[in-house]
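Peer 1: Residue numbers for the sequence shown, in mature numbering (1 follows the signal peptide of the UniProt record, and there is no 0): -19 to -1, 1 to 231. For glycine and all other residues, C-beta sits at the position ideal for the given N, C-alpha and C. Note that this is a predicted model, so its numbers are computed, not measured. Let me give you the structure first, and then I'll get to my questions.
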Amino acid sequence: MSIRRLSFFTAFVLSIASAPPSVLLSTGHADQPTQKSSPRQARANDPFAPPKLDPSLPNVLLIGDSISIGYMLDARRALEGKANVFRPGTNCGPTTRGLEQLDSWLGDRKWDVIHFNFGLHDLKFMGPDGKNLADPKLPTNKRQVPLEEYSANLETIAKKLKVTGATVIWRETTPVPEGASGRLPEDGPIYNEAAAKVMESVGGIQTDPFYNFAMQHASTQRKANVHYTPAGSKLLGQHVAEIVVKALKQ
């Protein structure tokens, strides 16, 4: 290989390695299998990077999957000067991951508002061999977390969040569009209804009507894909910021 070709190849590899998560999200790498999780290394202007801490401001924690990763920076910008906005250094995935890692996400920081969601990774279909986003039509493929287990897991998580003393806000799961791989559009409302019953049972938890808001802006969701365009993520992030501001004023 010539020196010129070697230099080009090295530059290409380094550019991929340094690409921010927003680029990876836009290229379809956001919906990975959720059996394992490890914190990502944060970079500047990265949704996983901690904010520049202002001790005089309240602390806000956003918990969620790649939808929340997509709107994280927009929410943080909208809350600039109003709150320190954090998120876990990973895709929070299904409720099973929440049960395993919630303590580490909470850490020892005093949280004023916690805005959280689980759902899209619970209702997605997995194959018997661990295939991610498996065909829902095949009887051998099952939802990653069945509805009854989802409700039980969510109840445990909600109770643990409530104990922190923060204002806790449940964020409804976003719609599954027609044609999206590994999920059924009708499952979104079903899982949201189950979550609503859990929040009512636990009590003292607010609800962000995120599903209806997202439906009003369905044109900003990618075709046959649960993820959003940059314009869509910006709208979602601004909405989350508005919900958080209302909670901080209470």
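(1) State yes or no: is the C-beta of residue 183 within less than 8 Å of the C-beta of residue 140?
(2) So residue 177 and residue 188 are supposed to be a Cβ contact under 8 Å. How far apart are they, rounded?
(3) What does residue 202 pair with, by DSSP beta-bridge criteria?
(4) Could you tell me which of 102, 213, 60 and 173 sits nearest to residue 253, measuring between CA atoms?
(5) Decide if residue 34 is buried, meaning its Cβ has at least 16 other Cβ atoms within 10 Å, or exposed.
(6) Report all residues from its chain with a CB closer than 6 Å to the CB of residue 100; omit the five preceding and five following residues, and keep chain order.
(7) Based on the DSSP secondary-structure assignment, which residues constitute the bridge partners of residue 151?
(8) By DSSP, does residue 134 sit in helix, in strand, or in coil?
(9) Note the first and the last residue of the continuous beta strand (DSSP E) segment covering residue 42.
(10) Ordered along the chain, which non-local residues of its own chain (more than five positions away) have a Cβ less than 6 Å from that of residue 8?
(11) With 16 as the cutoff for other CB atoms within 10 Å, does residue 217 come out buried or exposed?
(12) Is the Cβ-Cβ distance between residue 158 and residue 219 less than 8 Å?
(13) Tell me the DSSP bridge mates of residue 124?
(14) Distance, Cα to Cα, residue 208 vs residue 55?
(15) Any idea what DSSP makes of residue 183, helix, strand or coil?
(16) When the Cα atoms are used, what is the spatial distance from residue 111 to residue 164?
(17) Taking DSSP's pairing of strands, which residues face residue 194 in a bridge?
(18) Apply the 10 Å Cβ neighbour rule to residue 125 and answer buried if 16 or more other Cβ atoms are within range, or exposed otherwise.
(19) Among residues of its own chain, excluding the 5 on either side of residue 122, which ones have a beta-carbon nearer than 8 Å to its beta-carbon?
(20) Is residue 96 closer than 8 Å to residue 152 when the C-beta atoms are compared?
(21) Cβ atoms of residue 41 and residue 233: under 8 Å apart, would you say?
(22) Just to confirm my understanding: we take residue 212, look at its own chain, exclude 5 residues before and 5 after, and list those with CB closer than 7 Å. What are they?
(23) Following the continuous alpha helix (DSSP H) through residue 30, name the residue where it begins and the one where it ends.
(24) Count the other CB atoms, across all protein chains shown, that sit within 10 Å of the CB of residue 119; report buried if there are 16 or more and exposed otherwise.
(25) Ordered along the chain, which non-local residues of its own chain (more than five positions away) have a Cβ less than 6 Å from that of residue 45?
Peer 2: In short, the structure shows the following:
(1) Translated into positions along the sequence shown, residue 183 becomes position 202. Translated into positions along the sequence shown, residue 140 becomes position 159. Yes, they are a contact pair.
(2) As a working mapping, residue 177 is identified with position 196 in the sequence shown. As a working mapping, residue 188 is identified with position 207 in the sequence shown. Confirmed, Cβ separation roughly 7 Å.
(3) Residue mapping note: residue 202 aligns to position 221 of the sequence shown, counting from 1. According to DSSP, residue 202 shares a beta bridge with 209.
(4) Because residue 253 is not part of the residues shown, which for the chain are -19 to 231, the question remains open.
(5) Reading the sequence shown from its first residue, position 53 is the one you call residue 34. Residue 34 should be labelled exposed.
(6) The residue given as residue 100 occupies position 119 in the sequence shown. Cβ neighbours of residue 100 beyond the five flanking positions: 154 and 172.
(7) Numbered from its first residue, the sequence shown carries residue 151 at position 170. BP columns for residue 151 point to 97 and 188.
(8) Residue mapping note: residue 134 aligns to position 153 of the sequence shown, counting from 1. Helix at residue 134.
(9) The residue labelled residue 42 in the question sits at position 61 within the sequence shown. Looking at the DSSP string, the run of the beta strand (DSSP E) that includes residue 42 is 40 to 44.
(10) Counting from one through the sequence shown, the residue named residue 8 turns up at place 27. Because the pLDDT of residue 8 is 33, which lies under 50, any placement of that residue in the model is unreliable, and the number read from its coordinates should be weighed accordingly. So the list is empty, once near-sequence residues are dropped.
(11) Here residue 217 refers to the residue found at position 236 of the sequence shown. Flag for residue 217 reads buried.
(12) Along the sequence shown, one-based indexing puts residue 158 at 177. Along the sequence shown, one-based indexing puts residue 219 at 238. For residue 158 and residue 219, no; Cβs fall outside 8 Å.
(13) Counted from its first residue, the sequence shown places residue 124 at position 143. Beta-bridge pairing links residue 124 to 106.
(14) By one-based count along the sequence shown, residue 208 stands at place 227. By one-based count along the sequence shown, residue 55 stands at place 74. When rounded, the distance between both Cα atoms is 15 Å.
(15) Here residue 183 refers to the residue found at position 202 when the sequence shown is read from its first residue. For residue 183, the three-state secondary structure derived from DSSP is helix.
(16) Counting from 1 along the sequence shown, the entry for residue 111 is found at position 130. Counting from 1 along the sequence shown, the entry for residue 164 is found at position 183. In a straight line, the C-alpha of residue 111 is about 15 Å away from that of residue 164.
(17) One-based indexing of the sequence shown puts residue 194 at position 213. Bridge partners of residue 194: none, in fact.
(18) Numbered from 1 along the sequence shown, position 144 holds the residue referred to as residue 125. With 16 or more other Cβ atoms within 10 Å, it is buried.
(19) Along the sequence shown, read from residue 1 onward, the residue named residue 122 stands at position 141. Once the five neighbours on either side are set aside, the close Cβ partners of residue 122 are 106, 107, 108, 109, 112, 115 and 116.
(20) Here the question's residue 152 lines up with position 171 in the sequence shown. Here the question's residue 96 lines up with position 115 in the sequence shown. Result yes, Cβ atoms of residue 152 and residue 96 sit closer than 8 Å.
(21) Since the first and last residues shown for the chain are -19 and 231, residue 233 lies out of range.
(22) Working through the sequence shown from its first residue, we reach residue 212 at position 231. If we look at residue 212 and ignore the five residues flanking it on each side, its Cβ neighbours are 201.
(23) As a first step, residue 30 is located in the sequence shown; it is residue number 49 there, counting from the start. From DSSP, residue 30 is part of no alpha helix (DSSP H); its letter is neither H nor E.
(24) As a first step, residue 119 is located in the sequence shown; it is residue number 138 there, counting from the start. Label assigned to residue 119: exposed.
(25) Here residue 45 corresponds to residue number 64 of the sequence shown, with the count starting at 1. Contacts found: 73 and 98.
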